[in-house]
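To start, the structure itself, in structure tokens.
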Amino acid sequence: MLAWAALGIFSSAGAWAAAGAPLPRCAAGSDSFYLMRYIEPGTPDTAPQTILQLSTVPPNAGDPVASTVVWSGQTAPTPSPRDLSRNAGATVAAGMGKDGYIYAMRAIGINEPGWDLQGRTWREEWKTHTRHYEMLRYGRDGVDNLGIVRGLGVYQTDSSDDGTRVDGATDARLGPNFNAADIDPVSGHMILASFQQGGALNQLFRIDVTQSPPQYVSTITLSKNIPGAQSGDFAIDAAGQYAYGVAKARGTFGNSTSYRIELATGAVTDLAPNLGIFPYGAAARLPSGKFAFYNTFQTNVMTVPGGTLEGRHSTETSDGSDGAACLPKIKARLECTPTSLVDADGNVSTCTVTLDQPAPAGGLEVALTSPTDNPRYSTTCGASVQVPQGATSAQCTVTATPNTTPGDGEVTATVALATPPASGDYELDSPSSADVLVRNDDKDAPVGPTKKTPLPTLGEWAVILLSMAMAGLAMLRLRRTAKP
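In my numbering, the protein residues as written are 4 to 487.
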């Protein structure tokens, strides 16, 4: 495996808290997803750990999954006041948020330190237990603990006073861990379940992860229990309509059946039977539209609506797991308007970089190839433009330099999107470049007609004498013509 640090894409955590920047995105159409491998250290009084990695399923059946570790064993302080395990970081129930972070319910390990009894007995102390209700957030650099999900679980703030009870949708103080989750890509809500022995096999919990702390919204009651005795993870389709999972029958050799849950109604539909004896702890929607399912040592690909599994790609082992979608890369395109200018005042072309979805937290810097220097124009299109967080466009300009020089011809200013690095959060769409023509509108001075030399002018008396002479000649001519 490679580490992200080796690729030089870690961001400073100062502006992002412990989680750092949002997680890297994946090329549209790829078969990549985030795999969280849950590891039990096996040492007394030691908390479990999660290894977060970006995994890609190869196109050929039987080829191993390619994985890149984002981070390993990162933790965040726990807000549970009487929790002897002061750091939280592991999960077996998570999903990718619309903001590029993975939201994960905390998992408690079998060797994790217990509770601080503070002079009381365990019989009372469990009443204040809130660790199963904590939500974590994973980013490029590590983990944030977002606190107890408000309204999700029952607990007391004082173990000796039943009047301090905080109501909730379920009581998971004694476990088990929530073990299945995904985030609806349409609403942005987490859909959470405890699909195992001791959990509720016919309930889903909807949580708004955008609230601080996260907020329980509602319970989805299923039309029946999921098939089998337990299920690992499930994944939600791109339309936010169905959650797909694989449930295992009771016993070591109990077989598995895929299923589909309609989120609007809670209707459960059994799909393909006889899918093997291994539970699938991780599931994720792939950018290609299929689903990846991981069962502690291999990854299969589910096609829908049939729910069949294909592939069998070997993958690193784990004690437990969860999966999350990798958000598709943002597509960026470039257009300049107008595409033709003249070298006069007020001739400006606006070049717009447009994204196919809003820029993520912190904004998105899009690299440019700026026009070559030329005295016929100036430009604000430099090495890059910054699209602000939540926006879908940014602009720069090409301005013609006014002049009155005749015959200075035409020049072209070319603005283009530079090819982003493979680790970037965007890819190029079409068009990705634009030409702006700066034309000459100045002509040479016009050549006028030849100036005629005026005839000499006569004085006033000369004109009178000339007129009288001409009149006399006319009279003489008339007399001659009048003789018989």
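Each residue gets a CB set at the ideal place from its N, CA and C atoms; glycine is no exception.
Where residue i falls, given that 16 or more other Cβ within 10 Å makes a residue buried
{"i": "Leu177", "result": "exposed"}
{"i": "Lys332", "result": "buried"}
{"i": "Ala147", "result": "Sequence check: residue 147 is Asp here, not Ala. So Asp147 ends up on the buried side."}
{"i": "Gln77", "result": "buried"}
{"i": "Lys446", "result": "exposed"}
{"i": "Trp74", "result": "buried"}
{"i": "Ser426", "result": "exposed"}
{"i": "Ala328", "result": "buried"}
{"i": "Phe294", "result": "buried"}
{"i": "Ile54", "result": "buried"}
{"i": "Asp174", "result": "exposed"}
{"i": "Ala22", "result": "buried"}
{"i": "Arg168", "result": "exposed"}
{"i": "Ser215", "result": "exposed"}
{"i": "Ala242", "result": "exposed"}
{"i": "Phe181", "result": "buried"}
{"i": "Thr484", "result": "Note on Thr484: pLDDT 49, under 50, position unreliable in the model; the coordinate value appears next. Per the 10 Å Cβ criterion, exposed."}
{"i": "Pro308", "result": "exposed"}
Where the beta strand (DSSP E) containing residue i begins and where it ends
{"i": "Glu430", "result": "429 to 431"}
{"i": "Ala74", "result": "As written in the sequence, residue 74 is Trp, which differs from the Ala given in the question. Start and end: 69 to 75."}
{"i": "Arg442", "result": "436 to 442"}
{"i": "Asn303", "result": "301 to 306"}
{"i": "Gly323", "result": "323 to 328"}
{"i": "Ser261", "result": "259 to 265"}
{"i": "Phe296", "result": "294 to 297"}
{"i": "Asp211", "result": "206 to 211"}
{"i": "Ala285", "result": "285 to 288"}
{"i": "Gly365", "result": "Gly365 -> no beta strand (DSSP E), and no H or E assigned at all."}
{"i": "His316", "result": "311 to 317"}
{"i": "Thr353", "result": "351 to 358"}
{"i": "His132", "result": "His132 -> no beta strand (DSSP E), and no H or E assigned at all."}
{"i": "Ile194", "result": "192 to 196"}
{"i": "Tyr141", "result": "137 to 141"}
{"i": "Lys332", "result": "Looking at the DSSP string, Lys332 is not in any beta strand (DSSP E), and its letter there is neither H nor E."}
Beta carbon of residue i nearer than 7 Å to that of residue j
{"i": "Ala394", "j": "Ala362", "result": "yes"}
{"i": "Pro67", "j": "Ser317", "result": "yes"}
{"i": "Phe198", "j": "Ser221", "result": "no"}
{"i": "Ile223", "j": "Leu207", "result": "yes"}
{"i": "Val271", "j": "Tyr262", "result": "yes"}
{"i": "Ala79", "j": "Tyr41", "result": "no"}
{"i": "Ser190", "j": "Thr133", "result": "no"}
{"i": "Phe36", "j": "Leu278", "result": "no"}
{"i": "Leu149", "j": "Pro217", "result": "yes"}
{"i": "Thr402", "j": "Ser433", "result": "no"}
{"i": "Ala252", "j": "Asn258", "result": "yes"}
{"i": "Gln56", "j": "Ser33", "result": "no"}
{"i": "Tyr104", "j": "Gly142", "result": "yes"}
{"i": "Gln392", "j": "Ala370", "result": "no"}
For residue j and residue i, believed in contact at Cβ under 8 Å, the rounded distance
{"i": "Ala91", "j": "Arg109", "result": "5 Å"}
{"i": "Val345", "j": "Gly366", "result": "No, Val345 and Gly366 are not in contact; Cβ-Cβ is about 35 Å, not under 8 Å."}
{"i": "Thr400", "j": "Cys354", "result": "7 Å"}
{"i": "Ala439", "j": "Ala397", "result": "At residue 439 the sequence reads Val, which differs from the Ala that was named. About 17 Å; that fails the 8 Å criterion."}
{"i": "Ala421", "j": "Thr383", "result": "Ala421 to Thr383, Cβ: 16 Å. No contact."}
{"i": "Asn443", "j": "Gly410", "result": "7 Å"}
{"i": "Ser324", "j": "Ala285", "result": "4 Å"}
{"i": "Tyr429", "j": "Leu38", "result": "About 24 Å; that fails the 8 Å criterion."}
{"i": "Thr260", "j": "Pro230", "result": "4 Å"}
{"i": "Thr160", "j": "Thr124", "result": "That belief does not hold up - the Cβ atoms of Thr160 and Thr124 are roughly 18 Å apart, past 8 Å."}
{"i": "Val60", "j": "Val304", "result": "6 Å"}
Alpha helix (DSSP H) segment containing residue i, residue limits
{"i": "Glu127", "result": "125 to 128"}
Sequence-distant residues of the same chain with beta carbon closer than 6 Å to residue i, five excluded per side
{"i": "Arg379", "result": "Thr404, Val414, Val441"}
{"i": "Asn406", "result": "Asp346"}
{"i": "Ile488", "result": "Nothing can be reported for residue 488, as the shown portion of the chain is limited to 4 through 487."}
{"i": "Ala30", "result": "Lys332"}
{"i": "Asn350", "result": "Leu344, Ala403"}
{"i": "Ser88", "result": "Ala50, Glu115, Pro116"}
{"i": "Leu225", "result": "Asn205, Gly269, Val271"}
{"i": "Gly248", "result": "Ser234, Phe237, Tyr262"}
{"i": "Asp119", "result": "Arg85, Leu87"}
{"i": "Asp48", "result": "Pro116"}
{"i": "Pro276", "result": "Thr260"}
{"i": "Gln360", "result": "Ile333"}
Residues near residue i in its chain [Cβ-Cβ closer than 8 Å; skip 5 each side]
{"i": "Lys64", "result": "Checking the sequence, you will find Ala at residue 64 rather than Lys. The answer, listed in chain order, is Glu313, Gly314, Arg315, His316."}
{"i": "Ala171", "result": "The sequence as given places Gly at residue 171; Ala does not occur at that position. These residues qualify, in order along the chain: Tyr136, Gly154, Leu155, Gly156, Val157, Tyr158, Tyr219."}
{"i": "Leu431", "result": "Lys334, Ala335, Arg336, Leu420, Thr422, Pro423"}
{"i": "Ala437", "result": "Leu337, Glu338, Cys339, Thr342, Cys354, Thr417, Val418, Ala419"}
Near the ligand ADP: residue i beta-carbon under 6 Å from a heavy atom
{"i": "Leu57", "result": "In the structure shown, the ligand ADP is absent, as is every other ligand, since no ligand is present at all."}
Own chain, CB closer than 7 Å to residue i, minus 5 neighbours either side, in chain order
{"i": "Ile194", "result": "Ala184, Asp185, Asp187, Leu207, Arg209, Ile239, Ala246, Leu266"}
{"i": "Glu43", "result": "Pro51, Gly112, Ile113, Asn114, Asp322"}
{"i": "Ser435", "result": "Arg336, Leu337, Ala419, Leu420"}
{"i": "Gly201", "result": "Gly178, Pro179"}
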